[in-house]
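J.: Below are the structure tokens for one structure; questions will follow.
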Amino acid sequence: MIVLYVCNIGTLAGMRIAVLPFNAGEGTKPAYGRQMAAFAAEQLRAHADADINVVSFLTQIEDEEGPRTAYVNIADELLPREQLNDLFEQAEVDLVMDGFLAETEGGFNLKVRFHVKDSEEPKRAEEHVFARSEVFTVLHGLVKALAAEGQIELPDFLSGDTMEFGTQNAESFLSFLEGYDALNYINQSNGAVAREFSPEAGFEALLNALELDPTFEGPYHVAIQLGRACAHFRIGTFELVDESLRKLTELVPGHFGAYFALGEVHQTVGSLNPSAEFYEKAIQREPNDPNLYSRLGLIQVQLGMPVNAERNFRKAMEMEGNDKPSADFLANVLQQTNRGHEVPAMYQALVETNPTDGGMLSKYATALIMAEKIPDGEKAFEDALVAAEDNNVVKRFYAPYLAQKGDHDRAMDFYEDCIDLAPQDVPLLIEYVNVLESAGRQVDVPDVLKQILAGNPEPNIRAQTLARLIELEQPKRAESVELARSKMEQEDFEGAIRDLKPLRNWLADYWKLWALLSAAYNRTERFEDAEDCARRLLNLFPGCEPAYGELTAALTAQGRNDEAYDLMRYAAVTVPGSPSILINFGLAAKRAGHADEARDIAKQLREALGDNPDLEDVLREM
31 MIVLYVCNIG TLAGMRIAVL PFNAGEGTKP AYGRQMAAFA AEQLRAHADA DINVVSFLTQ
91 IEDEEGPRTA YVNIADELLP REQLNDLFEQ AEVDLVMDGF LAETEGGFNL KVRFHVKDSE
151 EPKRAEEHVF ARSEVFTVLH GLVKALAAEG QIELPDFLSG DTMEFGTQNA ESFLSFLEGY
211 DALNYINQSN GAVAREFSPE AGFEALLNAL ELDPTFEGPY HVAIQLGRAC AHFRIGTFEL
271 VDESLRKLTE LVPGHFGAYF ALGEVHQTVG SLNPSAEFYE KAIQREPNDP NLYSRLGLIQ
331 VQLGMPVNAE RNFRKAMEME GNDKPSADFL ANVLQQTNRG HEVPAMYQAL VETNPTDGGM
391 LSKYATALIM AEKIPDGEKA FEDALVAAED NNVVKRFYAP YLAQKGDHDR AMDFYEDCID
451 LAPQDVPLLI EYVNVLESAG RQVDVPDVLK QILAGNPEPN IRAQTLARLI ELEQPKRAES
511 VELARSKMEQ EDFEGAIRDL KPLRNWLADY WKLWALLSAA YNRTERFEDA EDCARRLLNL
571 FPGCEPAYGE LTAALTAQGR NDEAYDLMRY AAVTVPGSPS ILINFGLAAK RAGHADEARD
631 IAKQLREALG DNPDLEDVLR EM
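Heads up: the sequence shown at position 622 corresponds to 652 in my numbering, and the numbers run straight through without jumps.
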């Protein structure tokens, strides 16, 4: 097991400080040890402007879908000094706080130490034996001790005899620490949690904290964040997140946050009608938040309710500042309802209040062009280049239009000006590549593709950019893949496999190779090989829709229906709104025994796609 220090050590008045999690004794919840130590550091960071840092002990677990991360309780005792030496040397810290926490009958035993770099013995060591009800006193003392040893000046808020914890109920606070630990773990691992982890205990702890003290705001807000994180990373089950957030609405019925989170969570799984209802309930409780109206409007657009969506976008715009983000949403609704002629006037009114805003000026010009007022739109762009406080914003809008019009030289000039200011703007670079190709300057394309890759773009863009680069720099190998595709179309699957297998090492980063191989192996009933290729494909290109279908087919053929279901639940979030993903999700749900969910998905597909005889057999199977 390799233990990693995850730490971003900062400088504090010349002293570099690290706070380690307290090791937990046998029978003691490690969450208490981690979060009591972190609490002291966070108070100083939040209220004393201290650049003090918390270290986490994590280990990396290799998984078939990639590396995962788990918390580690290093020992059920205080750390040996030699383990601290590594931290002093590698991170060059001057002061380290560590400790050991053990639960006793009705309370705790906490040993805390402060170490400096050049001494084998702790500079300061304390032991606290205390009842659970005394946790506030001990934690306040810990904040003061860390401040004293770190030479941090305490504000009045922390330097008195007491401090604010958000609650006076010790059991509520301890439950809050346990629930917060679950959220912190998900965030630190960026969702790559150990497979055995379940957020259920975290939700239970936070709900328990609220039940013990309904006025304690911390558990409410952390439970919302935990629900959103679980939905985003597909951790736990939808039912668990939904049920936990619904309980929050019962415990704190007057606050909008849990309703907003429920709307968001239902939106991620395509459950649009309940999502709209929850956003409406959030608005009832917080009628002055423009984001709520725009979120509801976006759902209503998907539900085919443009009149309602328009009304909510207009309400959002009334409350928004000068940037008016909902104006773009309203413009789309007007376009979709054959009222595009109204869009220029809307943006013109916004320009009158923001006459030097390059973005707004450009949107007005674009709206005129979309309304087929080409000369007016071009003149608006030319005027904007002069009037805008930052005309590079105008160039960014104008360049694609010029390229589409065929004025490649001026478009490239504008793109190059923008790239000089934002050399790692990936969408900008991709557009520039397209213009270079249209202008017949293919010789310049590889360098720009390499510039995109050097910026470490997100995996889907990286996969497509790499494919483009391979096709330019290794054309014969790319042609071999295309020949294999032709054989697949002629149902010569074995021939395609023979052509593709020798290329696996040469084109390991070429997603199209793995897409063809996974499909060919599935069609020749070599399901383990199909699974391996599909997983490689998804590691390269997580947004590749056919990859989920091939991997689901391979798993289902091996009788692994629960895995196929979990995969497609994840895919429904990774590639939202995809009919093919929803179809595979619905079938996987049915085969894994989630009949109600499968029926809901079939209903969503019928609403989205209308009458489609080709899909009727599949929908009936769901």
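Note that the Cβ used here is the ideal one computed from N, Cα and C, for glycine as well.
Just checking my contact of Q330 with N338 at CB under 8 angstroms: how many whole Å lie between their CB atoms?
T.: Your numbering for residue 330 matches position 300 in the sequence shown. Your numbering for residue 338 matches position 308 in the sequence shown. With 8 angstroms as the limit, Q330 and N338 qualify as a contact, their Cβ atoms being about 5 angstroms apart.
J.: For G640, count neighbouring C-beta atoms within 10 Å of its own C-beta (all shown protein chains included) and say buried if the count is 16 or more, exposed if not.
T.: Taking the sequence shown and counting its residues from 1, the one referred to as residue 640 is at position 610. Exposed is the call here.
J.: Closest to R515 by C-alpha separation, out of A526, P505, E133 and R507, would be which residue?
T.: Looking up residue 515 in the sequence shown gives position 485. It is A526.
J.: From which residue to which residue does the beta strand (DSSP E) around T134 run?
T.: Locating residue 134 in the sequence shown gives position 104, counting from the first residue. Element bounds for T134: L125 to T134.
J.: Counting C-beta neighbours from all protein chains within 10 Å, is the total for G40 16 or more, i.e. buried, or is it exposed?
T.: Numbered from 1 along the sequence shown, position 10 holds the residue referred to as residue 40. Because G40 carries a pLDDT of 44, less than 50, the predicted location of this residue cannot be relied on, and the following value inherits that uncertainty. So G40 ends up on the exposed side.
J.: At least one CB of chain C closer than 9 angstroms to the CB of K506: is that the case?
T.: Of the chains in the structure shown, none is chain C; there is only one protein chain.
J.: DSSP three-state label for F138, please.
T.: For this step, residue 138 is matched to residue 108 along the sequence shown. Residue state, collapsed to three classes: strand.
J.: Could you check if P643 is buried or exposed, using at least 16 other CB atoms within 10 Å of its CB as the buried criterion?
T.: The count along the sequence shown starts at 1 and reaches residue 643 at position 613. Exposed, since its Cβ has fewer than 16 Cβ neighbours within 10 Å.
J.: Within the chosen definition, does the region 259-275 reach the region 238-245 through at least 3 CB pairs nearer than 8 angstroms?
T.: Taking 8 angstroms as the limit for Cβ pairs, the verdict is that the region 238-245 does not touch the region 259-275.
J.: So, does the region 437-450 touch the region 462-479, judging by three or more C-beta pairs under 8 angstroms?
T.: yes
J.: Quick check on the DSSP output: the beta strand (DSSP E) that includes A48 runs from which residue to which?
T.: Here residue 48 is taken as the residue at index 18 of the sequence shown, counted from 1. Start and end: M45 to V49.
J.: Excluding sequence positions up to five away, which residues of its chain have a Cβ less than 7 angstroms from the Cβ of L380?
T.: For the purposes of this step, residue 380 is identified with residue 350 of the sequence shown, where counting begins at 1. If we look at L380 and ignore the five residues flanking it on each side, its Cβ neighbours are K354, A357 and M390.
J.: Which residue from S163, I216 and E226 puts its Cα closest to that of T197?
T.: On the sequence shown, position 167 is the one that residue 197 refers to. For the residues S163, I216 and E226, the minimum Cα distance to T197 belongs to S163.
J.: List the whole-angstrom C-beta distance separating Y210 from Q65, where the pair is believed to meet the contact cut-off of C-beta under 8 angstroms.
T.: By one-based count along the sequence shown, residue 210 stands at place 180. By one-based count along the sequence shown, residue 65 stands at place 35. Y210 to Q65, Cβ: 6 angstroms. Contact.
J.: Let me know the secondary structure DSSP gives P97 once reduced to three states.
T.: By one-based count along the sequence shown, residue 97 stands at place 67. Of the three classes helix, strand and coil, the one that applies to P97 here is strand, per DSSP.
J.: According to DSSP, which residues form a beta bridge with I91?
T.: Residue mapping note: residue 91 aligns to position 61 of the sequence shown, counting from 1. Beta-bridge pairing links I91 to R98.
J.: With a floor of 4 residues, list each alpha helix (DSSP H) that falls wholly inside the region 546-630, ordered by position along the chain.
T.: 557-570, 575-587, 591-604 and 609-621
J.: Taking only runs that begin and end inside the region 314-363, name each unbroken alpha helix (DSSP H) of 4 or more residues, in chain order.
T.: 320-332 and 336-349
J.: Please list the terminal residues of the continuous alpha helix (DSSP H) segment that includes A418.
T.: As a first step, residue 418 must be located in the sequence shown, where it is residue number 388. Taken as a continuous stretch (DSSP letters only), A418 belongs to no alpha helix (DSSP H), as it is neither H nor E.
J.: Taking C-alpha atoms, which residue in L360, C260 and V456 lies nearest to P489?
T.: As a working mapping, residue 489 is identified with position 459 in the sequence shown. Taking only the C-alpha atoms, the option nearest P489 is V456.
J.: Assign T582 to one of two classes, buried (16 or more other C-beta atoms within 10 Å of its C-beta) or exposed (fewer than that).
T.: Your numbering for residue 582 matches position 552 in the sequence shown. The residue is buried, with at least 16 neighbouring Cβ atoms inside 10 Å.
J.: Leaving out the 5 sequence neighbours to the left and right, which residues in its chain are closer than 6 angstroms to P304 when beta-carbon positions are compared?
T.: The sequence position of residue 304 within the sequence shown is 274, counting from 1. Correct list, in chain order: H296.
J.: Whose C-alpha, out of R599, A132, F166 and G180, is nearest the C-alpha of E157?
T.: On the sequence shown, position 127 is the one that residue 157 refers to. Nearest of R599, A132, F166 and G180 to E157, Cα basis: A132.
J.: Return the first residue and the last residue of the alpha helix (DSSP H) that R154 is part of.
T.: Sequence index remark: in the sequence shown, residue 154 carries index 124 (1-based). Counting along the chain, R154 falls outside any alpha helix (DSSP H), though it belongs to the beta strand (DSSP E) covering R154 to A161.
J.: In this structure, how does DSSP classify S205 when only helix, strand and coil are distinguished?
T.: The residue you call residue 205 lines up with position 175 of the sequence shown. DSSP places S205 in helix when its eight states are reduced to three.
J.: Sorted by chain position, which residues of the same chain lie with C-beta nearer than 8 angstroms to M252's C-beta, five sequence neighbours on each side aside?
T.: Here the question's residue 252 lines up with position 222 in the sequence shown. Note that residue 252 is Val in the sequence shown here, rather than Met. Here the set comprises F206, G209, Y210, L213 and L236.
J.: With a threshold of 16 other CB atoms inside 10 Å of the CB of K480, please say whether the residue is buried or exposed.
T.: Residue numbering aside, residue 480 sits at position 450 when the sequence shown is read from its first letter. Exposed, since its Cβ has fewer than 16 Cβ neighbours within 10 Å.
J.: Using DSSP with H/G/I as helix, E/B as strand and the rest coil, what is S274?
T.: If you number the sequence shown from 1, residue 274 lands on position 244. DSSP places S274 in helix when its eight states are reduced to three.
J.: Tell me the rounded alpha-carbon separation between S189 and F203.
T.: On the sequence shown, residue 189 is found 159 positions in, with the first residue counted as 1. On the sequence shown, residue 203 is found 173 positions in, with the first residue counted as 1. Straight through space, the alpha carbons of F203 and S189 are spaced by roughly 21 angstroms.
J.: Quick check: the Cα distance between R566 and W536, rounded to an integer number of angstroms?
T.: As a first step, residue 566 is located in the sequence shown; it is residue number 536 there, counting from the start. As a first step, residue 536 is located in the sequence shown; it is residue number 506 there, counting from the start. Roughly 15 angstroms separates the two Cα atoms.
J.: Buried or exposed for I404, going by 16 or more other Cβ atoms inside 10 Å?
T.: Numbered from its first residue, the sequence shown carries residue 404 at position 374. I404 comes out exposed.
J.: Looking at the unbroken alpha helix (DSSP H) that takes in R498, where does it start and where does it end?
T.: For the purposes of this step, residue 498 is taken as the residue at position 468 of the sequence shown. Unbroken alpha helix (DSSP H) run through R498: P489 to E503.
J.: Three Cβ pairs or more, each shorter than 8 angstroms: is that satisfied between the region 108-127 and the region 145-152?
T.: Contact between the region 108-127 and the region 145-152 is present, because at least three Cβ pairs lie under 8 angstroms.
J.: Between A577, G607 and P609, which has its C-alpha nearest L597's C-alpha?
T.: Stepping through the sequence shown from its first residue, residue 597 is reached at position 567. Selected option, being the one with the closest Cα: A577.
J.: Under 9 angstroms, do H285 and R315 count as touching if we go by C-beta distance?
T.: Position 255 of the sequence shown, counted from the start, is the residue given in the question as residue 285. Position 285 of the sequence shown, counted from the start, is the residue given in the question as residue 315. Yes. Within cutoff.
J.: Tell me, which residues are paired with A54 by DSSP?
T.: Along the sequence shown, one-based indexing puts residue 54 at 24. Bridge partners of A54: L131.
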